[in-house]
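Asker: Please see the structure below; I have some questions.
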Amino acid sequence: MSADNNDVIYLKDYLPPAFLVQSVDLVFDLYPHETRVQSRISFNRNAHRDAGLPLELHGSELKLISVAIDGAVLSADQYQVTGEQLIIPNVPDQFVLETEVEIDPANNTSLEGLYRSNTMFCTQCEAEGFRKITYYPDRPDVMAAFTTKVIADKTEYPVLLSNGNPIEKGDLDNNRHFVTWQDPFDKPAYLFALVAGDLQVVKDTFTTMSGRNVALEIWVEPENITKCDHAMASLKASMKWDEEVYGREYDLDIYMIVAVNDFNMGAMENKGLNIFNSSCVLARPDTATDGAFQRIEGVVAHEYFHNWSGNRVTCRDWFQLSLKEGFTVYRDQCFSADMNDAAVKRIEDVAMLRTAQFAEDAGPTAHPVRPDHFIEISNFYTLTIYEKGSEIVRMIANLLGPDLFRKGSDLYFERHDGQAVTVEDFVAAMADASGIDFTQFMRWYSQAGTPQLTVSGEYDAADKQYKLTIKQQTPPTKDQAEKLPLHIPVKVGLLNAAGDDLPLNLSTGEASGEQGDGDRVLHLREAEQTFIFEGIEEAPVPSLLRGFSAPVKLSFGYSQAQLLHLMRHDSDGFNRWDAGQRLAIDALKAMVAQFEAGQMPELDSALIDAYKGLFAAGLEPAILAEMLVLPGEAYLAEQFDVVPVDAIHACRNIARKTLAQALSSELEQAVVANQLSGEYRPVAEDIAKRRLKNICQSYLMALETEAAVERSWQQFTTADNMTDQHAALTALVHSKQDEKAKAALESFEQQWKDDALVMDQWFQVQASRPHPDALARVKALMEHPAFSLKNPNKVRSLVSVYCNQNRVNFHSIDGLSYQFLADVVLELDAMNPQIASRLITPLTRWQKMDSKRQQLMQTELKRIAAAELSKDLFEVVQKALP
Ligand code: TRP
Ligand code: ZN
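Here the sequence shown is numbered in the numbering used here, starting from 179 and rising by one per residue.
Okay, structure coming up:
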């Protein structure tokens, strides 16, 4: 295994830095294998730490050439170099350190530090990658002004970029040239960036609210120059939105985005120079789906919003990661809700949270939104930090209401501009702006696990009272056996028989909102609490957790009739959708029980009627589309103590066929009615129609009638946009029409073989194909010339999609897929530990599988554990072992 307990870092051990940095001057002399980095750093001793402490700098995989203090070169006995540090005892209180190191970007496959992607040089420093570039106090609470001189061959790398503003450029001997960049804003090293390449640019400008002109530039490799328009439009919309909604203005005169092919995550918010995974920036109607367009809009906004929530106000230490990520996700979710259909955005976000974050919170790597220890921080860029972190900010925003939340965020940004702060500082600003007490609420940051609410309702006709009793309980997680009650905002309504909201007058229990409102937010604080509503004239149907007001699981003994009532009438769009999901889960669970008893599973006719009713209900296409989608296999799996993988897959398919049969005329009509003519536009209205049409067509394809197959084939061959082409390709490839599937895949490959991002989609469609030969096909595709284990997008498209979205095959009882994943993870760990440790996730989730599969999965985990591992993979495997 490797790595021992000494490598665990604890929040409680935090100490301020012994030295602060006044300014940094860097010179990069770029060569693929022998890049020289010279640094000149002025240090000051921090008065908050003991005098006489040595200077300790981080550094990893660096070849040290020279080190000098105040101009005097140090001899080897004046400093120590270990694997991760440069230590210099006996330094004055104020001095200039000069070092020179050599690094090898071309052999850097970890995609952390300075590395090569295609023909360019680029960097990724968050979280602790700057130490792979030069010796430095690589921690976010050391902030400094950077000046960066980049030198490279003028022909191969005509474009040289770094943070801030260009202040000097010129030619040098041997066909080399340089550009010097200066970033006037103090920043931590994790926000440093450098790019060099033969790039082209799309330019635009934005005038800020105070009237300053900002140059906007998107830099890409020449073949991608036609794919930048959507990202540029998204950037301008984000800048405007942050001014209007948060009063935040951009600060530098230039904002640059660079697209790179090899990138571990989605994108990175480096000051003034964002670096993006090309998949999160490049789009053209013929190459990118609606989903990709929306993701780009969200990621561009996310990185832009970090300029305030992350860069101007940053994290004191990495335990505070959710301070910037949770808040920034909340901000980008609200932005996307404003740009698109807000109810659909909420449904998508919650579906993802409940499927994937809840599973993480119930698995062996469960951790609080603010963890208290870690071995490798890269492992904590998780759904819990990002998505649950965002839900916490959303709860705070809902507790304060829009005006006080804005007051709180203004206070936070003003109070802490230029500082590296903690979660407490954020919550204190919200508390100070509102007068609300967040003492108990803070437990959301320290307690892992998804709270379970069990609710019961009791109607007293004589007293005209309705009593809601809510119990809360958070199951123990690996590191925390005991859980305390949380402060949980539970938004409720009560529907009468006509489907209208009753006025809510609360006599017992704490709630926000006004007496008589149709919606109240109950404040659950105890393990068990009763809330009493007065003047309720008839037995109501409770609508609970409206808008998903807290990231919890909620159970209430709903009857089918009650769920149907909510599905039809709830004034809360989210809960209307959720009632449909609950109905479908009940129906599918009943089918699974039949399947396991050896009977032919049959879909409850009440669900069929309910779905039929949706078409007559006059719903917007966006909502209708969402409501027609059955809960996914992964979310269904969450509903069982022992997951019946095969039964879930079989029953969901039977349910889809049954619905297709029973609703064929409605589905047909919807397909026809939602055809669009005219030019492709990635706007909410059109996206909704395409989605509805393609969902209905995919239902019809479940029956594989000749007409349905022919329509998909037609759509595949005539589509003028990737959304429709991709939907048709998926329908054909996932059908049993082997010949049509083969023909479609070949034609698609022929059409798109030179476009890496479209080929990712080609890999994904095949990796998720639910046929029994899937594993053999995935293995064969790993030999395809477009595949590379070194490119994370390819690994995600093929291996990750197979292991996460092809559940019947991944969990095949022969255990061969577990073995396959373990082999890939071991090979990858030597190249790219971050990707290896993410990829292994599905193998760590053995707890709810049957004993045979548990054993098979654990065997593979043990085999991995026996090898020499990176810190990243070690930490995950060690937690996941039985
Ligand atoms: N801060 C980035 C974001 O959320 C995340 C990120 C990008 C990252 N690249 C990374 C995190 C590499 C760890 C490693 O926008
Ligand atoms: Zn982020």
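Where a beta carbon is used, it is the ideal one built from N, C-alpha and C, also for glycine.
Look at the alpha carbon of H827 and the alpha carbon of R955, and state the distance between them as a whole number of angstroms.
Answerer: On the sequence shown, position 649 is the one that residue 827 refers to. On the sequence shown, position 777 is the one that residue 955 refers to. So the two alpha carbons sit approximately 20 angstroms from each other.
Asker: Just to check, is the beta-carbon of E1053 closer than 7 angstroms to a non-hydrogen atom of the ligand ZN?
Answerer: Within the sequence shown, numbered from 1, the residue matching residue 1053 stands at position 875. Checking every heavy atom of the ligand ZN against the Cβ of E1053, none is found closer than 7 angstroms.
Asker: Let me know the secondary structure DSSP gives G579 once reduced to three states.
Answerer: Start at 1 with the first residue of the sequence shown, and residue 579 comes out as number 401. DSSP places G579 in helix when its eight states are reduced to three.
Asker: Rounding to the nearest angstrom, what Cα-Cα distance links R1023 and N984 in this structure?
Answerer: Here residue 1023 refers to the residue found at position 845 of the sequence shown. Here residue 984 refers to the residue found at position 806 of the sequence shown. Whole-angstrom Cα-Cα distance: 15 angstroms.
Asker: Distance, Cα to Cα, E262 vs Y188?
Answerer: To locate residue 262, count along the sequence shown from 1; it is residue 84. To locate residue 188, count along the sequence shown from 1; it is residue 10. Their backbone Cα atoms lie some 18 angstroms apart in a straight line.
Asker: When the Cβ atoms of the region 275–293 are set against those of the region 317–334, are three or more pairs found closer than 8 angstroms?
Answerer: No, they do not touch.
Asker: Write down the C-beta distance between I714 and L684 rounded to the nearest angstrom, noting that I regard them as a contact closer than 8 angstroms.
Answerer: Position 536 of the sequence shown holds residue 714. Position 506 of the sequence shown holds residue 684. About 11 angstroms separates the two Cβ atoms, so there is no contact after all.
Asker: Measuring alpha carbon to alpha carbon, tell me which residue in G993, N1010, D1028 and Q1012 is nearest L1039.
Answerer: Residue 1039 sits at position 861 when you count from the first residue of the sequence shown. Checked all of G993, N1010, D1028 and Q1012; the closest Cα to L1039 is G993.
Asker: Drop a sphere of 10 angstroms on the beta-carbon of E1005, count the other beta-carbons inside from all chains shown, and report buried for 16 or more, exposed for fewer.
Answerer: Here the question's residue 1005 lines up with position 827 in the sequence shown. It counts as exposed.
Asker: Identify, in the order they occur along the chain, each residue of the same chain with its Cβ nearer than 6 angstroms to the Cβ of Q893, setting aside the five sequence neighbours on each side.
Answerer: Here residue 893 refers to the residue found at position 715 when the sequence shown is read from its first residue. For Q893, where only same-chain residues beyond five positions count, the Cβ hits under 6 angstroms are D902 and A906.
Asker: Assign F513 to one of three DSSP states: helix, strand, or coil.
Answerer: Locating residue 513 in the sequence shown gives position 335, where the first residue counts as 1. Residue state, collapsed to three classes: helix.
Asker: Let me check one thing: in DSSP terms, what residues is T260 bridge-paired to?
Answerer: Mapped onto the sequence shown, residue 260 falls at position 82. Paired residues: none, contrary to the question.
Asker: When you compare the CB positions of E278 and I243, do they come within less than 8 angstroms of one another, or not?
Answerer: What you label residue 278 is simply residue 100 of the sequence shown in a count that begins at 1. What you label residue 243 is simply residue 65 of the sequence shown in a count that begins at 1. Against a cut-off of 8 angstroms, the Cβ pair of I243 and E278 comes out as a contact.
Asker: Can you list the residues near the ligand TRP, meaning Cβ strictly closer than 5 angstroms to any non-hydrogen atom, in the order they appear in the chain?
Answerer: Those residues are E304, N442, M443, M446 and Y559, given in chain order.
Asker: Give the straight-line distance between the Cα atoms of P629 and G735, rounded to the nearest whole angstrom.
Answerer: Here residue 629 corresponds to residue number 451 of the sequence shown, with the count starting at 1. Here residue 735 corresponds to residue number 557 of the sequence shown, with the count starting at 1. Rounded to whole angstroms, P629 to G735 spans 18 angstroms at the Cα level.
Asker: Please look up how many angstroms separate the CB atoms of D376 and T297, rounded, as I've assumed it's under 8 angstroms.
Answerer: Position 198 of the sequence shown holds residue 376. Position 119 of the sequence shown holds residue 297. Between T297 and D376 the Cβ distance is about 6 angstroms, and since that is below 8 angstroms, they are a contact.
Asker: Leaving out the 5 sequence neighbours to the left and right, which residues in its chain are closer than 7 angstroms to E1073 when beta-carbon positions are compared?
Answerer: Missing from the structure shown is residue 1073; the chain here goes from 179 to 1060 and no further.
Asker: From this set, E884, S733, V205 and C458, which residue's C-alpha is nearest L339's C-alpha?
Answerer: The residue given as residue 339 occupies position 161 in the sequence shown. Measuring from the Cα of L339, the nearest candidate turns out to be V205.
Asker: What would DSSP say about M1009, mapped onto helix, strand or coil?
Answerer: The residue labelled residue 1009 in the question sits at position 831 within the sequence shown. Of the three classes helix, strand and coil, the one that applies to M1009 here is coil, per DSSP.
Asker: Measuring alpha carbon to alpha carbon, tell me which residue in I281, E712 and N222 is nearest P270.
Answerer: Within the sequence shown, numbered from 1, the residue matching residue 270 stands at position 92. Closest by alpha carbon: N222.
Asker: Hey, which unbroken runs of the beta strand (DSSP E) at 3 residues or more fall wholly within the region 681–711?
Answerer: Counting only runs of 3 or more, we get 683–686 and 698–702.
Asker: Quick test of your reading: I435 and F454, contact by CB under 8 angstroms. State the CB separation rounded to the nearest angstrom.
Answerer: As a position in the sequence shown, residue 435 is number 257, starting the count at 1. As a position in the sequence shown, residue 454 is number 276, starting the count at 1. Yes, they are in contact, since the Cβ atoms of I435 and F454 sit about 6 angstroms apart, within 8 angstroms.
Asker: How many whole angstroms separate the CB atoms of F164 and D248, which I take to be in contact at a CB cut-off of 8 angstroms?
Answerer: Here the chain has residues from 179 to 1060 only, and residue 164 is not among them.
Asker: At what residue ranges does the region 568–628 contain a whole run of the alpha helix (DSSP H), taking only runs of 4 or more?
Answerer: Segments of the alpha helix (DSSP H) lying fully in the region 568–628: 601–612 and 621–624.
Asker: For N971, which three-state DSSP category applies?
Answerer: Sequence index remark: in the sequence shown, residue 971 carries index 793 (1-based). Three-state DSSP puts N971 in a helix.
Asker: Given that a residue counts as buried once 16 or more other Cβ atoms are within 10 Å of its Cβ, and exposed if not, what is K327?
Answerer: Reading the sequence shown from its first residue, position 149 is the one you call residue 327. Per the 10 Å Cβ criterion, buried.
Asker: For a test of the three-state rule: what should DSSP assign to M298, helix, strand or coil?
Answerer: Mapped onto the sequence shown, residue 298 falls at position 120. Three-state result, M298: strand.
Asker: Express the C-alpha separation of D316 and L235 in angstroms, rounding to a whole number.
Answerer: Mapped onto the sequence shown, residue 235 falls at position 57. Mapped onto the sequence shown, residue 316 falls at position 138. Rounded to whole angstroms, L235 to D316 spans 7 angstroms at the Cα level.
Asker: So if DSSP puts V392 in a beta bridge, which residue, or which two residues, is it bridged to?
Answerer: The residue labelled residue 392 in the question sits at position 214 within the sequence shown. For V392, which the question treats as bridged, DSSP gives the partners F384.
Asker: Which class does E278 belong to by DSSP, given the choice of helix, strand or coil?
Answerer: Here residue 278 is taken as the residue at index 100 of the sequence shown, counted from 1. Residue state, collapsed to three classes: strand.
Asker: Run through the region 934–1000 for me and flag every whole alpha helix (DSSP H) of 4 or more residues, listed as ranges in chain order.
Answerer: Runs of the alpha helix (DSSP H) inside the region 934–1000: 934–945, 952–959, 970–973, 979–983 and 985–988.
Asker: Following the continuous alpha helix (DSSP H) through D331, name the residue where it begins and the one where it ends.
Answerer: Translated into positions along the sequence shown, residue 331 becomes position 153. Segment A322 to D331 is the beta strand (DSSP E) holding D331; no alpha helix (DSSP H) there.
Asker: Count the other CB atoms within 10 Å of the CB of P654; is the residue buried (16 or more) or exposed (fewer)?
Answerer: To locate residue 654, count along the sequence shown from 1; it is residue 476. It counts as exposed.
Asker: Starting from the C-beta of L231, find all residues in its chain whose C-beta is less than 7 angstroms away, skip the five residues before and the five after it, and write them out in chain order.
Answerer: Taking the first residue of the sequence shown as 1, we reach residue 231 at position 53. Around L231: A196.
Asker: Using beta-carbon positions only, say whether D169 and N391 come within less than 8 angstroms of one another.
Answerer: The displayed coordinates of the chain run from 179 to 1060. Any statement about residue 169 would go beyond what the structure contains.
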